[in-house]
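Below: one structure, written as structure tokens.
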Amino acid sequence: MLTKRIIPCLDIRDGRTVKGVNFENIRDAGDPVELGALYAHEGADELVFLDITATNEKRKTLSELVNRISHKINIPFTVGGGISSVDDVRVLLNNGADKISVNTAAYKDPSLVERLANEFGSQCVVLAIDTKQEEDGEWYVYLNGGRVKTDTKCSEWAAKAVEMGAGEILLTSMNHDGTKKGFALDITRKLADALPVPIIASGGGGTMEHFTDVFENGKADAALAASIFHYGEIAIPELKKFLRAKNIAVRH
Amino acid sequence: MASSANNKQDIVIIKYNAGNIQSVLYAFERIGVSAEVSDDHDRIRNAGKVVFPGVGEASSAMNYLRERGLDQLIKDLKQPVLGICLGMQLMCAHTEENDTTCLGIFGENVKLFKPGPNKEKVPQIGWNNIFHLKTDLFNGVPEQSYIYSVHSFYASEGSETIATADYIHPYSAALHKANFYGVQFHPEKSAAVGEQILKNFFAIDPEPLQRTASR
Numbered sequence: 161m162l163t164k165r166i167i168p169c170l171d172i173r174d175g176r177t178v179k180g181v182n183f184e185n186i187r188d189a190g191d192p193v194e195l196g197a198l199y200a201h202e203g204a205d206e207l208v209f210l211d212i213t214a215t216n217e218k219r220k221t222l223s224e225l226v227n228r229i230s231h232k233i234n235i236p237f238t239v240g241g242g243i244s245s246v247d248d249v250r251v252l253l254n255n256g257a258d259k260i261s262v263n264t265a266a267y268k269d270p271s272l273v274e275r276l277a278n279e280f281g282s283q284c285v286v287l288a289i290d291t292k293q294e295e296d297g298e299w300y301v302y303l304n305g306g307r308v309k310t311d312t313k314c315s316e317w318a319a320k321a322v323e324m325g326a327g328e329i330l331l332t333s334m335n336h337d338g339t340k341k342g343f344a345l346d347i348t349r350k351l352a353d354a355l356p357v358p359i360i361a362s363g364g365g366g367t368m369e370h371f372t373d374v375f376e377n378g379k380a381d382a383a384l385a386a387s388i389f390h391y392g393e394i395a396i397p398e399l400k401k402f403l404r405a406k407n408i409a410v411r412h
Numbered sequence: 702m703a704s705s706a707n708n709k710q711d712i713v714i715i716k717y718n719a720g721n722i723q724s725v726l727y728a729f730e731r732i733g734v735s736a737e738v739s740d741d742h743d744r745i746r747n748a749g750k751v752v753f754p755g756v757g758e759a760s761s762a763m764n765y766l767r768e769r770g771l772d773q774l775i776k777d778l779k780q781p782v783l784g785i786c787l788g789m790q791l792m793c794a795h796t797e798e799n800d801t802t803c804l805g806i807f808g809e810n811v812k813l814f815k816p817g818p819n820k821e822k823v824p825q826i827g828w829n830n831i832f833h834l835k836t837d838l839f840n841g842v843p844e845q846s847y848i849y850s851v852h853s854f855y856a857s858e859g860s861e862t863i864a865t866a867d868y869i870h871p872y873s874a875a876l877h878k879a880n881f882y883g884v885q886f887h888p889e890k891s892a893a894v895g896e897q898i899l900k901n902f903f904a905i906d907p908e909p910l911q912r913t914a915s916r
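Listed in order, the protein sequences are those of chains A and B.
Per our numbering, residue 161 is the first one in the first sequence, and the count goes up by one each step.
Per our numbering, residue 702 is the first one in the second sequence, and the count goes up by one each step.
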């Protein structure tokens, strides 16, 4: 049976993990390769590395990092952050990335999604959407790491991107991100019901019950989280044991 | 003839217009096996073992192989050959993906997943179990082990099936005929289970296979 996926996300700046990390069994938790390998060993199903390096000069650092990751890690991983061209993606895939995620650049030029899908296949094109529910109750697309609001509804952009070739949607609710009060179940479920591709829910996971909720009620195919894993608040083996006890299919 | 001709320790990964070739190369490196990526006919023909990887679209991949004569070369290989994902599908008779005639090494046909009443997503992306495991390729791999897959098309079950998985319905997770093996999933991304399968492929003794093939 196809299982639900648990995906730790590592933020990278200048080749190092950003968020403070609390681990005993690791020499250098600031090294994305070491931390990623630890998560893989603990049973993470995939990894996402999100590069938040501000400058283009540091791009080479990223491709070198991806090469080191792919030599060391034996599960699939996605690389995102500032990707805006077919050439950017080619370099990352040639260095061993399995998938890439695009966000702002794809919104500004949706043909990017189509060109990436044609060149490399939909299976490696993840569309990341940052979305926020406004007072009118609608979910809108935000750009540039959540700093720029658009008038486009999340569900409309997601449907268009899938039509253009996106193979998965990584959906982050800005209302929930960082709150640890649970994932955005309604918009996650809306996209999961409407679209033929997997939905990765992100933002708000704080307890193991939240993961049960997002899989059962949110209909998510995968759930992504960062700080709860980095700070050791939830360990992946215990989370999977918990989900199995709730009859949710997970890899073990 | 190259000195590597009788060295069954060397693995050549066929280079063509498909993704995941680097990933397969790095996966062999992780298990301590040095592999080489090549599209050179002599190099492939003389390799101890050959891996035929692939993520991509079937018809353009077949055209690429035909233009370079790699289609006939692969069919004529006598050493152990492992097709991965699209590589396995191209070793079948035919695929529904753009109505493409494939290499015909395996008798199975490749079809598109059609979502059932549960509105399953296509492609299947993620970890699923394999069972009814046969042949040395799965030595030390427990029944119901989890493997990572990404695919919209599948080979149905038949006499060449050596592993089954279930998505919407049962399908061939792996095929075997004579010296040819194919896996629908990605051993290079399937954690420890995948590494065991790659080690098993590396350990396959080509001699008995060749006798089988020449019958």
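All residues carry an ideal CB built from backbone N, CA and C; glycine is no exception.
Burial state of residue i, where buried means 16 or more other Cβ atoms lie within 10 Å
i	result
B:D906	exposed
B:Q773	exposed
B:P816	exposed
A:I359	buried
B:A703	With a pLDDT of 44 at B:A703, under the threshold of 50, the predicted position of this residue should be treated as unreliable, and no value is reported.
A:D211	buried
A:H412	exposed
B:I898	buried
B:T802	exposed
A:G392	exposed
B:P818	exposed
B:Q780	buried
A:P397	exposed
A:V357	buried
B:N694	No answer is possible for residue 694 of chain B: it lies beyond the span of chain B, which begins at 702 and ends at 916.
Proximal residues to residue i (C-beta, below 6 Å), its chain only, five neighbours per side dropped
i	result
A:K406	T372
A:V239	F209, V226, L252, A257, I260
B:N840	N901
B:A706	Because the pLDDT of B:A706 is 44, which lies under 50, any placement of that residue in the model is unreliable, and the number read from its coordinates should be weighed accordingly. Correct list, in chain order: N747.
A:T264	L303, N304
A:V246	R275, E279
B:I863	K835, T836, A875, H877
Beta bridge counterpart(s) of residue i as assigned by DSSP
i	result
B:H870	B:Y868
B:N718	In DSSP, B:N718 forms no bridge with anything.
B:Y847	B:N830
A:E274	According to DSSP, which records beta bridges pairwise, A:E274 is partnered with nothing at all.
B:Y855	B:K812
A:S362	A:T332, A:L384
A:T238	A:V208, A:K259
B:G883	B:G784, B:L876
A:Y302	A:D290, A:K309
A:D171	A:L210
A:F280	None, per the DSSP bridge assignment.
B:L862	Contrary to the premise, residue 862 of chain B reads as Thr rather than Leu in this sequence. The partner list for B:T862 (beta bridge, DSSP) reads B:L876.
Neighbourhood of residue i by C-beta distance below 7 Å, restricted to the same chain and skipping five residues each side
i	result
B:N830	Q845, S846, Y847, A866
B:K878	I806, F807, E861
B:I722	I714, K716, V738, P754
A:G242	D211
B:E858	T865, P871, Y872, S873
A:V249	I243, I260, L276, F280
A:R173	I212, T213
Rounded Cβ spacing between residue i and residue j (contact assumed at less than 8 Å)
i	j	result
A:T291	A:C314	4 Å
A:N234	B:A728	7 Å
B:V734	B:V752	So it is not a contact: roughly 10 Å between Cβ atoms.
B:V811	B:Q790	5 Å
A:L162	B:G883	With a Cβ gap of about 20 Å, A:L162 and B:G883 do not count as contacting.
A:G306	A:M334	5 Å
A:V193	A:R165	Incorrect: roughly 21 Å between the Cβ atoms, too far for contact.
B:S853	B:F814	6 Å
Own chain residues within Cβ distance below 8 Å of residue i, not counting five before or after
i	result
A:S271	M324
B:V756	A719, G720, N721, C786, L787, V851
A:T415	Examination of residue 415 of chain A is not possible in this model, given that chain A is present from 161 through 412 alone.
A:V273	V262, A266, V285, L287, A321, M324, G325, A326
B:S915	In this prediction, B:S915 scores a pLDDT of 49, lower than 50, which makes its location untrustworthy; the coordinate-derived value is nonetheless stated afterwards. Correct list: empty, nothing qualifies.
A:H336	G342, F343, A344, G363, G364
A:A409	M161, L162, T163, K164
Chain-ordered chain E contacts of residue i [CB-CB under 8 Å]
i	result
A:T163	The chain labelled as chain E is not found among the protein chains of the depicted structure, namely A and B.
Which residues, in chain order, does the stretch 275–305 of chain A contribute to contact with chain B at a C-beta distance below 8 Å? Listed by position, the residues of the stretch 275–305 of chain A near chain B (Cβ gap below 8 Å) are F280, G281, S282, Q283, C284.
Please name the residues in the stretch 309–339 of chain A whose beta-carbon is closer than 8 Å to at least one beta-carbon of chain B, in chain order. G327, E328
Which residues, in chain order, does the stretch 345–359 of chain A contribute to contact with chain B at a C-beta distance below 7 Å? P356, V357, P358
Near-chain B residues of the stretch 387–408 of chain A (beta-carbon distance less than 7 Å), N- to C-terminal order: none
Residues in the stretch 847–870 of chain B having any Cβ partner in chain A nearer than 7 Å: Y847, Y849, V851, D867, Y868
The stretch 802–829 of chain B: positions lying closer than 9 Å to chain A by Cβ: Taking 9 Å as the Cβ-Cβ cut-off against chain A, the residues of the stretch 802–829 of chain B that qualify are P816, K820, E821, K822, V823, P824, Q825, I826, G827, W828, N829.
Give the residues from the stretch 230–242 of chain A that approach chain B closer than 8 Å (Cβ to any Cβ), ordered along the chain. Within the stretch 230–242 of chain A, the qualifying residues are S230, H231, K232, N234, I235, P236.
With 8 Å as the C-beta to C-beta threshold (strictly closer), list the residues of the stretch 252–264 of chain A near chain B in chain order. Hits within the stretch, in order: L253, N254, N255, G256, D258.
Using Cβ-Cβ distances below 9 Å, what residues of the stretch 744–758 of chain B are close to chain A? Those residues of the stretch 744–758 of chain B that come within reach of chain A (Cβ to Cβ, closer than 9 Å) are V756, G757, E758.
For the stretch 721–737 of chain B, which residues have a CB atom closer than 8 Å to at least one CB atom of chain A, in sequence order? N721, Q723, S724, Y727, A728, E730, R731
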